[in-house]
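Inspection log for the structure reproduced underneath, given as structure tokens.
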Amino acid sequence: MNKSYAERPIGVFDSGIGGLTVAGGIHQLLPNEDLVYFGDIRHLPYGDKSDQNIIDYCDGIAQFLMEQDCKMIVIACNSASSIAFEALEAKYGSLVPVINVIDPVVREVASSGCASVGIIATPVTTIKGLYVQKLSHLRPEIRISTIASKSLATIIEEGLFYNRKLIRELVDHYFGDFPALEGVVLACTHYPIIRDVIAEYFGPLVQIFDSTDTVASEVQARLADLGLLSDRRKKGEQRCYVSDYTDSFQTMARTFFGREVQLEFYPLWEEMEDEDLLLQKK
Ligand code: DGL
198 MNKSYAERPI
208 GVFDSGIGGL
218 TVAGGIHQLL
228 PNEDLVYFGD
238 IRHLPYGDKS
248 DQNIIDYCDG
258 IAQFLMEQDC
268 KMIVIACNSA
278 SSIAFEALEA
288 KYGSLVPVIN
298 VIDPVVREVA
308 SSGCASVGII
318 ATPVTTIKGL
328 YVQKLSHLRP
338 EIRISTIASK
348 SLATIIEEGL
358 FYNRKLIREL
368 VDHYFGDFPA
378 LEGVVLACTH
388 YPIIRDVIAE
398 YFGPLVQIFD
408 STDTVASEVQ
418 ARLADLGLLS
428 DRRKKGEQRC
438 YVSDYTDSFQ
448 TMARTFFGRE
458 VQLEFYPLWE
468 EMEDEDLLLQ
478 KK
């Protein structure tokens, strides 16, 4: 494999700051890799958009990441992984590996001893139902409950994650109806930002699963398989592009990369119509 190809950046994207939890996990595990991150704040939340809108947004971002010479595309969003992974894999998969956040987490949950799990996610991820399908396939006997939260990701994105009382009340409001569980899957990449509140709410006997370390390990394994891990010794660089600016993004980027990261506004959607169609139940 051409060495310079391995020195190209890993491309990661989400609707906003949620994917920074995944990017932060990759940065921890592979500190010498360069990362290019795109946060599509202009279209946030993805979790209540139509399938076609989500596919169009993800395709635009994937094209942008390809133009940045990325050697891998990581869809660091469960809503986008649910709806757009197949389309991106079909279009870009022969050029670069495309990673979704669902499959690695499903494998981890399936190999755990949990007999019952609750999946908490956005409406799009819940309606699409890939966690239930894939998990039932691997572990037919596991009991699975799902609950969607329409607003939690948006509230986290607004920067209100620091307000533990508010987040605790919202967690109780959305997830209070779960039966007794052995595990809870944070099936939205925004939720690891409030993982401690969720873990405290469900109690010490409930195992919490999220995509942060699991997806980072998947990225490492896929790059290693393809001979695409960087072998440079110096620390990698992180570039963050956003389609709109928020203070919480700046704060989170600093938290997850452990240093100040300059956000660049990138007008990816200038020529696209900004139609935020609510997902209608057919
Ligand atoms: N981070 C996205 C996910 O994992 C959710 C946020 C959104 O709805 O845009 O589904």
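Numbered by our numbering, the letters in the sequence shown go through residues 198 to 479 in order. Note that CB positions come from ideal geometry on N, CA and C, so glycine has one too.
Checklist entry - Does the Cβ of K325 have 16 or more other Cβ atoms within 10 Å, making it buried, or fewer, making it exposed? => result Counting from one through the sequence shown, the residue named residue 325 turns up at place 128. Classification of K325: buried, given that the 10 Å Cβ count is 16 or more.
Checklist entry - In its own chain, which residues sit with a C-beta less than 8 Å from the C-beta of M449, not counting the 5 before and 5 after it? => result The residue given as residue 449 occupies position 252 in the sequence shown. For M449, where only same-chain residues beyond five positions count, the Cβ hits under 8 Å are I214, L217 and I390.
Checklist entry - DSSP state of L474, grouped into three classes? => result Numbered from its first residue, the sequence shown carries residue 474 at position 277. Bear in mind that the predicted position of L474 carries a pLDDT of just 47, short of 50, making it too unreliable to give a figure here.
Next on the checklist: Which of the three DSSP states is assigned to G216 in this structure?
Outcome noted: On the sequence shown, residue 216 is found 19 positions in, with the first residue counted as 1. Reduced to three states, the DSSP call for G216 is helix.
Checklist entry - Is the distance from the Cβ of S278 to the Cβ of I258 below 7 Å? => result To locate residue 278, count along the sequence shown from 1; it is residue 81. To locate residue 258, count along the sequence shown from 1; it is residue 61. Their beta carbons are not under 7 Å apart, which means S278 does not touch I258 by this criterion.
Item to check | Residues bridged to T343 (per DSSP) | outcome: Taking the first residue of the sequence shown as 1, we reach residue 343 at position 146. Partner(s): I316.
Checklist entry - According to the Cβ coordinates, are G433 and E230 closer than 7 Å? => result Mapped onto the sequence shown, residue 433 falls at position 236. Mapped onto the sequence shown, residue 230 falls at position 33. Yes; because the gap between Cβ atoms is below 7 Å, this pair is in contact.
Next on the checklist: Looking at ligand 1, does it come within less than 6 Å of Y532, judged from the CB to the closest heavy atom?
Outcome noted: This structure gives no information on residue 532, because the portion of the chain shown stretches from 198 to 479.
Item to check | Option nearest S427 by Cα separation, candidates H224, S212, D211 and V219 | outcome: Walking along the sequence shown from the start, residue 427 turns up at place 230. For S427, the nearest C-alpha among the options comes from H224.
Checklist entry - What alpha helix (DSSP H) runs, 4 residues minimum, are completely inside the stretch 209-270? => result 216-226 and 248-264
Checklist entry - Candidates S440, P206 and S291: which alpha carbon is nearest C267's? => result The residue given as residue 267 occupies position 70 in the sequence shown. The shortest Cα separation from C267 among S440, P206 and S291 belongs to P206.
Item to check | the stretch 337-356 / the stretch 302-322 touching (three or more Cβ pairs under 8 Å) | outcome: yes
Checklist entry - In chain order, what residues of the same chain have a beta carbon less than 8 Å from the beta carbon of K478, not counting five sequence neighbours either side? => result Stepping through the sequence shown from its first residue, residue 478 is reached at position 281. Confidence at K478 is low in this model, with a pLDDT of 45, below 50, so its placement is unreliable and the value that follows should be read with caution. I324, listed in sequence order.
Checklist entry - Leaving out five residues before and five after A384 in sequence, what residues of the same chain have Cβ atoms less than 7 Å from its Cβ? => result Counting from one through the sequence shown, the residue named residue 384 turns up at place 187. Around A384: N275, I316, I317, A318, T322 and Y328.
Item to check | Bridge partner(s) assigned by DSSP for V381 | outcome: Counting from one through the sequence shown, the residue named residue 381 turns up at place 184. Paired residue(s): G315 and I405.
Checklist entry - So what's E467 in DSSP terms, helix, strand or just coil? => result Looking up residue 467 in the sequence shown gives position 270. The answer is coil: DSSP assigns E467 none of H, G, I, E or B.
Checklist entry - Whose C-alpha, out of A220, S408, S212 and C255, is nearest the C-alpha of V458? => result Taking the sequence shown and counting its residues from 1, the one referred to as residue 458 is at position 261. For the residues A220, S408, S212 and C255, the minimum Cα distance to V458 belongs to A220.
Item to check | Cutoff 8 Å; reference I461; Cβ partners in own chain excluding five residues on either side | outcome: In the sequence shown, counting from the first residue as 1, residue 461 sits at position 264. As written in the sequence, residue 461 is Glu, which differs from the Ile given in the question. For E461, the CB contacts under 8 Å within the same chain, skipping 5 residues up- and downstream, are R436, C437, Y438 and V439 in chain order.
Checklist entry - Do you know how far the Cα of P464 is from the Cα of F406? => result On the sequence shown, residue 406 is found 209 positions in, with the first residue counted as 1. On the sequence shown, residue 464 is found 267 positions in, with the first residue counted as 1. Put simply, the backbone Cα of F406 is about 35 Å away from that of P464.
Checklist entry - Using the C-alpha atoms, what's the distance from I395 back to V403? => result For the purposes of this step, residue 403 is taken as the residue at position 206 of the sequence shown. For the purposes of this step, residue 395 is taken as the residue at position 198 of the sequence shown. Spanning the two alpha carbons is a distance of roughly 10 Å.
Checklist entry - What number of angstroms, rounded off, separates the C-alpha of Q265 from the C-alpha of L292? => result By one-based count along the sequence shown, residue 265 stands at place 68. By one-based count along the sequence shown, residue 292 stands at place 95. The alpha-carbon atoms of Q265 and L292 are separated by roughly 13 Å.
Next on the checklist: When you compare the CB positions of V271 and I296, do they come within less than 7 Å of one another, or not?
Outcome noted: Against the sequence shown, residue 271 aligns to sequence position 74. Against the sequence shown, residue 296 aligns to sequence position 99. Yes. Within cutoff.
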